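*Asks:* Residues in the sequence shown are numbered from 1 upward in steps of one, following our numbering.
First the structure, which I've put down as structure tokens, then a few questions once you've had a look.
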Amino acid sequence: MRAGFQFHHLPALDDLRAIQGIRVSSGAIDVYLAEAPHLASAARFRVEDIEFGIAPPSLWYRNGTVDEVVYALVDLPPHGSPGAPSLARSRSLWLPGDDLLRNGGLG
Numbered sequence: 001m002r003a004g005f006q007f008h009h010l011p012a013l014d015d016l017r018a019i020q021g022i023r024v025s026s027g028a029i030d031v032y033l034a035e036a037p038h039l040a041s042a043a044r045f046r047v048e049d050i051e052f053g054i055a056p057p058s059l060w061y062r063n064g065t066v067d068e069v070v071y072a073l074v075d076l077p078p079h080g081s082p083g084a085p086s087l088a089r090s091r092s093l094w095l096p097g098d099d100l101l102r103n104g105g106l107g
């Protein structure tokens, strides 16, 4: 929350299913989803690429444990600043284990 995220609890029929966080800042949307301590993901999208009903290409994507994903997301430079990912890539390029993509390379 200190990093500017708003969180939502996504309920399941019997309990909490997931926690989702969203932050809009500097022309980008950062999203976070945790379904279990070992199952989390986060991504950054440009606001201008968002269209209703169409998944936009990501600027950055990471999946892993909650700790790995949260630290990577919080350490991500603000959109538009030096070192921030800037090359949007297709969702089809989100390959688990590809360190270049998972760590925001190419951007």
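Virtual Cβ for every residue (Gly too), placed ideally from N, Cα, C.
Being a predicted model, the structure only gives us computed values, none of them experimental.
Would you mind reading off the limits of the beta strand (DSSP E) that contains L73?
*Replies:* Looking at the DSSP string, L73 is not in any beta strand (DSSP E); the run it does join, the alpha helix (DSSP H), is V66 to D75.
*Asks:* Which residue or residues does DSSP assign as beta-bridge partners of A34?
*Replies:* BP columns for A34 point to I19 and A40.
*Asks:* Compute the Euclidean distance between the alpha carbons of G80 and E48, then round it to the nearest angstrom.
*Replies:* Their Cα atoms are separated by approximately 13 Å.
*Asks:* Could you give the distance in angstroms between the alpha-carbon of R2 and the alpha-carbon of G21?
*Replies:* Each residue's alpha carbon lies about 12 Å from the other.
*Asks:* CB-CB under 7 Å to P78, same chain, minus the five flanking residues each way: which ones, in chain order?
*Replies:* Correct list, in chain order: S25, S26 and A84.
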